[in-house]
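In what follows, a single structure is set out as structure tokens and then discussed.
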Amino acid sequence: MLYSMTGYGEAYLESCGMAFSVQVRAVNNKFLKTSLKIPEMLCFLEERIDKLLREQFTRGYITLTLSVKSLEEKPLIDFNQSALNYYIKQLSSFSDKSSMLRINAANLLHLPGVIEAYDIDDEQKAKITDAAVELVTNACDKLTAMRGEEGEELRKDLLKNCDEIESFLDDIAGKVSIVVKEYSERLRKRINELLKDGKISVEENTLIRETAVFADRSDISEEVSRLKSHIKQFRDISEDGRGVGKRLDFLAQEMFREANTIGSKASDAGICQLVVDVKSRIDRIKEQVQNVE
1169 MLYSMTGYGE AYLESCGMAF SVQVRAVNNK FLKTSLKIPE MLCFLEERID KLLREQFTRG
1229 YITLTLSVKS LEEKPLIDFN QSALNYYIKQ LSSFSDKSSM LRINAANLLH LPGVIEAYDI
1289 DDEQKAKITD AAVELVTNAC DKLTAMRGEE GEELRKDLLK NCDEIESFLD DIAGKVSIVV
1349 KEYSERLRKR INELLKDGKI SVEENTLIRE TAVFADRSDI SEEVSRLKSH IKQFRDISED
1409 GRGVGKRLDF LAQEMFREAN TIGSKASDAG ICQLVVDVKS RIDRIKEQVQ NVE
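Each residue of the sequence shown is one higher than the one before, counting from 1169 in the numbering used here.
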């Protein structure tokens, strides 16, 4: 089963007289990157939550937002009136000397010490940490479920493209022997046309040798075999589960390289068109695996 890198999960929990809510969003990223938005009073949770996210996910840009509000009359912040009075006194003294200074009440609240976080003791921290782990785990489970649903659709589409590539490769392999035979016939006809009286035919050994050189130069059996082997590996890896996006991306690059080699050796318009179809499907695969975890 594959997992995409995009999704969303949220959870809500009441504990320790507080209501906690968390939202976890994930988008594509080549590596695993986390971004935490946590209230200052709960900053002691950052390390534990970041570790939890890294245990849950292997790839993607994960954004977590944690909110909290009190369920009791006691607020989660303390207003320090003495600190505010001090700032007002200092600013008022300065404003008497400068008419350009305007005191904004909202800005005063952001000054250090005016608003102080609710004091949390060690026992409460332990309880809040347990609650936060449960909360974040629930949200991550929902995010993972969504990523799994999207990943399954991705897997179906990826394997469909693999099936089409294999079908094109079978058509290419079937055309190669025909192309060699047609080349031999064209070569024989061209040489005979050059012999004016038409009574002297080219030596059969020469014709066979030239045909063999053309066949060897046009031989794509190894490339077709390797490309089919890559497709088999691609299918097997897609069943491995999570954390396979980088491996699938690497295989897609190898598949494209083999397709390019086949195209460079092809001398038939029909084969060239089939190679274009193969590369088109591989391009789709390369784009899709960018969203696989």
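The beta carbon of each residue, even a glycine, is placed where N, CA and C say it ideally should be.
task: May I have the straight-line CA-CA distance separating D1289 from S1235, to the nearest angstrom?
output: To locate residue 1289, count along the sequence shown from 1; it is residue 121. To locate residue 1235, count along the sequence shown from 1; it is residue 67. Here the C-alpha atom of D1289 lies approximately 19 Å from the C-alpha atom of S1235.
field: Three-way DSSP call (helix, strand, coil) for F1402 in this model
entry: Here residue 1402 refers to the residue found at position 234 when the sequence shown is read from its first residue. In the structure shown, F1402 sits in a helix (DSSP, three-state: H, G or I).
- request: Can you have a look at C1330 and say buried or exposed, based on whether 16 or more other CB atoms are within 10 angstroms of its CB?
  value: As a working note, residue 1330 is residue 162 in the sequence shown. With a 10 Å radius around the Cβ and a threshold of 16 neighbouring Cβ atoms, C1330 comes out buried.
- request: Taking K1295 as the reference, give the member of T1312, R1222 and F1188 with the closest Cα.
  value: In the sequence shown, residue 1295 corresponds to position 127, counting from 1. Ranked by how close their Cα comes to the Cα of K1295, the residues T1312, R1222 and F1188 have F1188 in first place.
field: Straight-line gap, C1211 to L1221 (C-alpha atoms, nearest Å)
entry: Sequence index remark: in the sequence shown, residue 1211 carries index 43 (1-based). Sequence index remark: in the sequence shown, residue 1221 carries index 53 (1-based). Between C1211 and L1221, the C-alpha separation is close to 16 Å.
message: Helix, strand or coil, according to DSSP, for A1383 in the structure here?
response: Walking along the sequence shown from the start, residue 1383 turns up at place 215. Because the pLDDT at A1383 is just 49, under 50, the model does not fix this residue reliably, and the value given afterwards should be weighed accordingly. A1383: helix per DSSP, three-state reduction.
query: Which residue comes first and which comes last in the alpha helix (DSSP H) that contains V1446?
result: Looking up residue 1446 in the sequence shown gives position 278. Its alpha helix (DSSP H) spans residues A1437 to Q1456.
- request: Give the single residue among A1194, D1298, A1179 and L1232 whose Cα lies nearest to the Cα of E1461.
  value: To locate residue 1461, count along the sequence shown from 1; it is residue 293. Residue nearest to E1461 within the set A1194, D1298, A1179 and L1232 is A1194 (criterion: CA-CA distance).
message: DSSP has E1467 in a bridge; who is on the other side?
response: Here the chain comprises residues numbered 1169 to 1461, so residue 1467 is not present and cannot be evaluated.
- prompt: Can you tell me whether V1444 is buried or exposed, with buried defined as 16 or more other CB within 10 angstroms of its CB?
  reply: Residue mapping note: residue 1444 aligns to position 276 of the sequence shown, counting from 1. So V1444 ends up on the exposed side.
- prompt: Which first and last residues belong to the beta strand (DSSP E) in which T1231 is found?
  reply: For the purposes of this step, residue 1231 is taken as residue 63 along the sequence shown, with counting starting at 1. Per DSSP, the unbroken beta strand (DSSP E) holding T1231 starts and ends at G1228 to S1238.
field: Backbone secondary structure at V1344 - three-state DSSP
entry: Your numbering for residue 1344 matches position 176 in the sequence shown. In the three-state reduction of the DSSP assignment, V1344 falls in the helix class, which pools H, G and I.
task: Taking L1419 as part of the alpha helix (DSSP H), name the residues at either end of that continuous run.
output: Mapped onto the sequence shown, residue 1419 falls at position 251. It spans G1413 to K1433 - the alpha helix (DSSP H) in which L1419 sits, taken as one unbroken run.
task: Compute the distance between the beta-carbons of T1231 and T1202, then report whether it is under 9 Å.
output: If you number the sequence shown from 1, residue 1231 lands on position 63. If you number the sequence shown from 1, residue 1202 lands on position 34. It is a contact, given that the beta carbons lie within the stated cut-off.
field: Simplified DSSP assignment, three categories, for D1298
entry: Here the question's residue 1298 lines up with position 130 in the sequence shown. Looking at D1298 - three-state DSSP - the assignment turns out to be helix.
message: On the criterion of 16 or more Cβ atoms from any shown chain inside 10 Å, does Q1421 qualify as buried, or is it exposed?
response: Reading the sequence shown from its first residue, position 253 is the one you call residue 1421. Looking at its Cβ environment, which holds fewer than 16 other Cβ atoms inside 10 Å, Q1421 is exposed.
query: If we call anything under 9 Å between Cβ atoms a contact, is S1406 one with L1416?
result: Position 238 of the sequence shown, counted from the start, is the residue given in the question as residue 1406. Position 248 of the sequence shown, counted from the start, is the residue given in the question as residue 1416. Taking 9 Å as the Cβ cut-off, S1406 and L1416 qualify as a contacting pair.
Which of helix, strand or coil DSSP assigns to Y1254: Here residue 1254 refers to the residue found at position 86 of the sequence shown. In this structure, Y1254 counts as helix in the three-state DSSP scheme.
task: Kindly indicate the opening and closing residues of the beta strand (DSSP E) around L1200.
output: The count along the sequence shown starts at 1 and reaches residue 1200 at position 32. Start and end: L1200 to K1205.
message: To the nearest angstrom, how far is the alpha carbon of R1216 from that of S1183?
response: As a working mapping, residue 1216 is identified with position 48 in the sequence shown. As a working mapping, residue 1183 is identified with position 15 in the sequence shown. It is roughly 18 Å from the alpha-carbon of R1216 to the alpha-carbon of S1183.
- prompt: Which of helix, strand or coil does DSSP assign to G1175?
  reply: Sequence index remark: in the sequence shown, residue 1175 carries index 7 (1-based). Correct three-state label for G1175: strand.
field: Limits of the unbroken alpha helix (DSSP H) element including R1222
entry: Mapped onto the sequence shown, residue 1222 falls at position 54. That run of the alpha helix (DSSP H) goes E1214 to Q1224.
- prompt: Is R1193 helix, strand or coil by DSSP?
  reply: By 1-based counting over the sequence shown, the position of residue 1193 is 25. It is a strand residue.
field: Between the CA atoms of L1442 and D1338 - distance to the nearest angstrom
entry: For the purposes of this step, residue 1338 is taken as the residue at position 170 of the sequence shown. For the purposes of this step, residue 1442 is taken as the residue at position 274 of the sequence shown. Those two C-alpha atoms are separated by around 10 Å.
- prompt: Which same chain residues, not among the five before or five after S1389, have their C-beta less than 8 Å away from its C-beta?
  reply: Here residue 1389 is taken as the residue at index 221 of the sequence shown, counted from 1. Excluding sequence neighbours, S1389 sits near A1341 and V1344.
task: Please confirm whether M1173 and G1228 have their CB atoms less than 9 Å apart.
output: Residue numbering aside, residue 1173 sits at position 5 when the sequence shown is read from its first letter. Residue numbering aside, residue 1228 sits at position 60 when the sequence shown is read from its first letter. Yes; because the gap between Cβ atoms is below 9 Å, this pair is in contact.
field: Spatial neighbours of R1452 in its chain, beta-carbon cut-off 7 Å, leaving aside the 5 residues before and after
entry: Mapped onto the sequence shown, residue 1452 falls at position 284. Counting only Cβ-Cβ distances below 7 Å, and skipping sequence neighbours, we find N1329.
task: Kindly list the residues whose CB is nearer than 7 Å to the CB of G1438, restricted to its own chain and excluding five residues on each side of it in sequence; keep chain order.
output: Translated into the one-based positions of the sequence shown, residue 1438 becomes position 270. Sequence-distant Cβ neighbours of G1438 in its own chain, meaning closer than 7 Å and more than five residues away, are K1343.
- prompt: Do you know how far the Cα of G1431 is from the Cα of L1200?
  reply: For the purposes of this step, residue 1200 is taken as residue 32 along the sequence shown, with counting starting at 1. For the purposes of this step, residue 1431 is taken as residue 263 along the sequence shown, with counting starting at 1. Cα to Cα, L1200 sits roughly 37 Å from G1431.
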